[in-house]
Amino acid sequence: MMIYEQPVSELVRALLRLEHLFSKVDYLFDNQPEKHRHSVMSVLISILNLLDRPDLKSKLTQELHRQIGIFSRLSNSPEVCGTKLTDTLNKLNLALPYFSKLNGKIGQSLRDNEFIATVRQRMLAPAHDANFETPVYHYWLQLNESK
349 MMIYEQPVSE LVRALLRLEH LFSKVDYLFD NQPEKHRHSV MSVLISILNL
399 LDRPDLKSKL TQELHRQIGI FSRLSNSPEV CGTKLTDTLN KLNLALPYFS
449 KLNGKIGQSL RDNEFIATVR QRMLAPAHDA NFETPVYHYW LQLNESK
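In case it helps, this note's numbering puts the sequence shown at residues 349 to 495.
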């Protein structure tokens with residue numbers, strides 16, 4: 349018998365989706381990325397679509413504050429490895445300013461990129477991979493294959 353658990357929090361589900369998509373990007377980059385350009389672009393577009401949630405940045409900021417508070421309270425516990433705790437707190441404290449000082453949505457600079465915006469728009473249409481729809485994109489896909 350298999351048991352599947354559904355995370356209760358929408359934020360946790362969104363973060364699990366992002367983790368899944370980023371692991372796909374890692375896999376594609378580790379395995380001949382020049383042959384997987386279209387797949388990488390497709391996953392990147394999926395990441396941008398997921399990051400379009402207007403509440404995501406504020407929820408992430410709140411969650412980072414909450415996690416920092418939880419881990420900070422553990423610093424007095426003798427059962428906790430101090431170096432790992434310090435390392436984790438440092439990573440959380442490094443991430444926090446990124447989200448709190450960020451203007452606009454997460455990944456806004458990618459949304460503002462004309463090339464990515466064009467490809468993203470076309471990927472929403474049926475038969476989006478037709479070369480006549482986005483000739484610049486298809487030219488880009490072929491760049492290293494001719495070498």
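Heads up, the beta-carbon is just placed ideally off N, CA and C, and yes, glycines get one too.
Buried or exposed (CB count within 10 angstroms, at least 16 for buried), residue i
i	result
I351	exposed
L491	exposed
H368	exposed
T431	exposed
Q383	Note that residue 383 is Lys in the sequence shown, not Gln. Exposed, because fewer than 16 other Cβ atoms sit within 10 Å of the Cβ of K383.
V484	exposed
I454	buried
V356	exposed
Span separating the alpha-carbon of residue i from that of residue j
i	j	result
S494	F463	Caution is warranted here: a pLDDT of 47 is assigned to S494, below 50, making its placement in the model unreliable, and the coordinate value is therefore given only provisionally. So the alpha carbons of these two residues sit roughly 21 Å apart.
Q469	L366	20 Å
R385	N379	11 Å
W488	V428	50 Å
R401	M349	36 Å
D403	T409	10 Å
S457	D435	29 Å
S394	R361	15 Å
K372	G452	26 Å
L444	Q415	11 Å
F370	S448	22 Å
G417	L437	9 Å
F377	N424	42 Å
D460	T466	10 Å
E358	K407	10 Å
V388	L472	16 Å
L364	K405	15 Å
L398	P426	40 Å
L396	E353	26 Å
L392	Y375	13 Å
Beta-carbon proximity of residue i to residue j, cut-off 9 Å
i	j	result
L442	L433	no
L292	L440	The structure shown does not extend to residue 292, since the chain is modelled only from 349 through 495, so no value can be given for it.
Contained alpha helix (DSSP H) runs [length at least 4] in the segment 400–448, N- to C-terminal order: 404–421
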